[in-house]
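So the structure is just underneath, and the comments pick up after that.
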Amino acid sequence: MGRDESGTLAALKALRRDVIDPKIAEHDGRIVKTTGDGLLLEFGSVVDAVRCMVDVQAAIAIGNADIPVERRIEFRIGVNIGDIIIEGDDIFGDGVNIAARLQQIAEPGGICVSDFVQQQVRDRLAVAFSDMGEQQVKNINRPLRVYSLTGRVDAADALAKAAALPARPVLPSGPSIAVLPFTNMSGDPEQDYFADGMVEDIITALSRFKEFLVIARNSTFIYKDQAVDIQEVARDLGVRYVLEGSVRKSGNRVRITGQLIDAATRAHIWADRFDGALDDIFELQDRITDSVVGALAPKLTAAEVERARCSPPANLDAYDYLLRALPWVIGNSAADASEAIHLLDDALRINPRYARAHALKALANAQVFRGAVDPGREDARLAGITHGRRALELADEDSTALAYGGFALLVLAQDLATARTALDKAVTLNPSQAMAYAYRSLVLSMAGEPEPAIKDATRALRLSPFDPANYLPQMALVVSNIWLDRFDEAVAWAHQAIRTAPPRYPMSYAWLIVAESARGNAAEARSQVENLARLLPGFGPETLARMFDVFPLPVRTKSLAYLQHAGLVPAEQQTPGTQE
């Protein structure tokens, strides 16, 4: 700076203000400290660090295009990954020292990176590397393998390279997930195909959930056999959640482990392991895929519900309102459903063609209508039918909307045919969706088809064994076993449904009363009627019969016959129900 020290200093300050500092902020970096005309920077992501440095060098090269060579300001840059020591706002250690030595090796206008940095970014950024071999540098005991990222950058190259850098994907409003290649920990390269096949199956199964954005295999498999940073991967791919796992084989046994991570917080949302024999490798892949996806789907939904609950009201979109409504619908009571309806009104105000919001609103209205102590809610019944039919019109390939809407029409209009068609389509579209099987099992049991109902209910429980809505397939097992005169099993499943259901949900008690009446245990049935009366303020002698009015004629007639025989419902309490 001897010729024009003040001019150079002014130009350097302008460069910091107009180019360098904004680029650092754009790429989530932090200026740790300045060292004369140098900077020490820290980034949470090595990809962000390299992308930022390329942007900086490109911008400086473009700015230098019309400046004489002797007056240009050019920087050498070194990038490293390593452990650091934090002291206040400063950082120390070999990780910092190596970055400083790499900077000294770089040419003016160039960038040098360590071997580990090159491995991390080579497949993720459209930049070329030149291997500079091993370099011995001051105060570092071992030689360093060094790569030059760009060499000296001129203006034309800088413009081309800047245009080639991929933009970071925008995080979608809905749930988004990347499934990374599973690590083969068997020491047997032959097991790679098994691990890769497992991941492909999981990606395919998750993709059937239309509410999830699932990154395709070709994008996630670039991380195969690499040590990765989860937050880095999530930023590169534009996802909120990352699933990673491993495969370990011993003899004829294999163990699969998986964990789902919220990339923003690094919190583990779910983790599990699965063991099996390799006798039928394809059957094992199918079983583990079902188990993983069945466990992941409700966990992802629960995580998204919590995210929406904590979001500022000004930032909510239609999907967020639906997520906020979901726990109220799952609560499955008239009071909870009324809260859900208000939130779903907001969702439909933003997006009137939102099939899933129409379907959930239909289900919420069904819950209001069938409130055992409030029989005069014809307005809720008609509104629910309208929204249910609208949901099926708009659902297209949304299996969730089809499942909710179809079941709502069973309850509101006793429309078995429409409900069955909608749920058949939902299951076909997404064979991994436990909820679709749960609702279809109820529809089948109400239609007097116990064997297929038991099959669907069993699959729903297998797919999602810890789902909070498992009282639905459990009640289908109660009804199906009553049809088959297996009353002891019906009673056992009814008790299970009571334990699983929301605390004030009445129908699991009602089905227990029917099952106890069917097996001739009138005293226990009367005891459960008393429990139900304590659960529902305003419960009267006519209420129990009315609770079955919302079901189709075959199951309603059979259930009330058992209640009559036990002396719990007089003959005149039988009602024909509401048909649509």
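Quick note on the numbering used here: the sequence shown kicks off at 537 and runs consecutively.
Cβ coordinates follow ideal geometry from the N, Cα and C atoms, glycine included.
What you are looking at is a predicted structure, and each value in this text was computed from that prediction instead of being measured.
Top-ranked residue by Cα proximity to residue i, from the options
| i | options | result |
| --- | --- | --- |
| A900 | T922, N887 and Y973 | T922 |
| A898 | S650, L880, G920 and F1084 | G920 |
| A993 | Y973, P1004 and G984 | Y973 |
| R660 | T801, R1070, V586 and V615 | V586 |
| G781 | A813, A800, I824 and T740 | I824 |
| N633 | D826, Q1010, R1022 and L577 | L577 |
| L946 | A962, L965 and Y975 | Y975 |
| W1029 | A1005, R956, G794 and N1017 | N1017 |
| A955 | D934, L980 and E933 | L980 |
| Q593 | L685, F1084, T793 and A1102 | L685 |
| L773 | V583, Q1064 and I560 | V583 |
| D856 | D554, V590, N887 and R1055 | N887 |
| V653 | K785, V673, G631 and T1079 | G631 |
| G867 | R791, A983 and P1004 | P1004 |
| Q821 | S666, A854, I738 and I877 | I738 |
| V1014 | W1047, T1036 and M1043 | W1047 |
| A983 | V841, V590, S1095 and D651 | S1095 |
| R1022 | A763, V1050 and A1033 | V1050 |
| V649 | E1078, Y683 and Y1007 | Y683 |
| I792 | L879, A1058 and L814 | L814 |
| D554 | A595, I567, G574 and L575 | A595 |
| D626 | Q795, T1079 and V568 | V568 |
| S755 | S581, V735 and Y940 | V735 |
| L832 | I556, A1037, D651 and A970 | A970 |
heavy atom of the ligand ZN below 6 Å from residue i C-beta
| i | result |
| --- | --- |
| Q672 | Looking at this structure, you won't find the ligand ZN or any other ligand, since it has none at all. |
Assigned secondary structure, residue i (DSSP; H/G/I helix, E/B strand, else coil)
| i | result |
| --- | --- |
| D811 | strand |
| G920 | helix |
| T801 | coil |
| I886 | helix |
| V735 | helix |
| R552 | helix |
| I676 | coil |
| Y729 | helix |
| N720 | strand |
| A691 | Bear in mind that the predicted position of A691 carries a pLDDT of just 47, short of 50, making it too unreliable to give a figure here. |
| L836 | helix |
| I751 | coil |
| M668 | strand |
| A714 | strand |
| S1063 | helix |
| Q1110 | Because Q1110 sits at a pLDDT of 44, beneath the cut-off of 50, its placement in the model cannot be relied upon, and the point is left open. |
| Q795 | strand |
| L959 | helix |
| L577 | strand |
| S684 | strand |
| V486 | This structure gives no information on residue 486, because the portion of the chain shown stretches from 537 to 1116. |
| R789 | strand |
Unbroken beta strand (DSSP E) run spanning residue i, endpoints
| i | result |
| --- | --- |
| R566 | G565 to T571 |
| S581 | No beta strand (DSSP E) holds S581; DSSP gives it neither H nor E. |
| K785 | Y777 to S786 |
| I647 | I647 to S650 |
Sequence-distant residues of its chain with Cβ nearer than 7 Å to residue i (five each side left out)
| i | result |
| --- | --- |
| A1069 | F1075 |
| Y759 | L716, P717 and V769 |
| S977 | A989, D992, A993, A996, P1009 and A1012 |
| R1040 | S869 and L1071 |
| A547 | I609 |
| S827 | F810 |
Own chain, CB closer than 6 Å to residue i, minus 5 neighbours either side, in chain order
| i | result |
| --- | --- |
| D732 | none |
| A937 | A891, R892, A895, A927 and A931 |
| N966 | R744 and S935 |
| E562 | none |
| A678 | The displayed chain sequence assigns Arg, not Ala, to residue 678. Correct list: empty, nothing qualifies. |
| L836 | P711 |
Neighbourhood of residue i by C-beta distance below 8 Å, restricted to the same chain and skipping five residues each side
| i | result |
| --- | --- |
| I797 | I766, Y777, V778, L779, E780, A803, H804 and I805 |
| T957 | G942 |
| Q752 | Checking the displayed sequence, the identity of residue 752 turns out to be Ala instead of Gln. Taken in chain order, the residues that qualify are I739. |
Continuous alpha helix (DSSP H) stretch holding residue i: start and end
| i | result |
| --- | --- |
| Q903 | A891 to F905 |
| S981 | A970 to M982 |
| F943 | S935 to A949 |
| Y1041 | Y1041 -> no alpha helix (DSSP H), and no H or E assigned at all. |
| L1072 | Here L1072 belongs to no alpha helix (DSSP H), and DSSP marks it neither H nor E. |
| S1095 | L1089 to H1101 |
| V769 | I766 to L773 |
Short CB-CB distance (under 7 Å) between residue i and chain D
| i | result |
| --- | --- |
| H804 | Considering every chain present, this structure includes no chain D. It has just one protein chain. |
Beta strand (DSSP E) segments (min. 3 residues) lying fully within the region 592–630
613–615, 621–623 and 626–628
At 4 residues or longer, what runs of the alpha helix (DSSP H) sit wholly inside the region 982–1044?
986–999, 1007–1019 and 1023–1036
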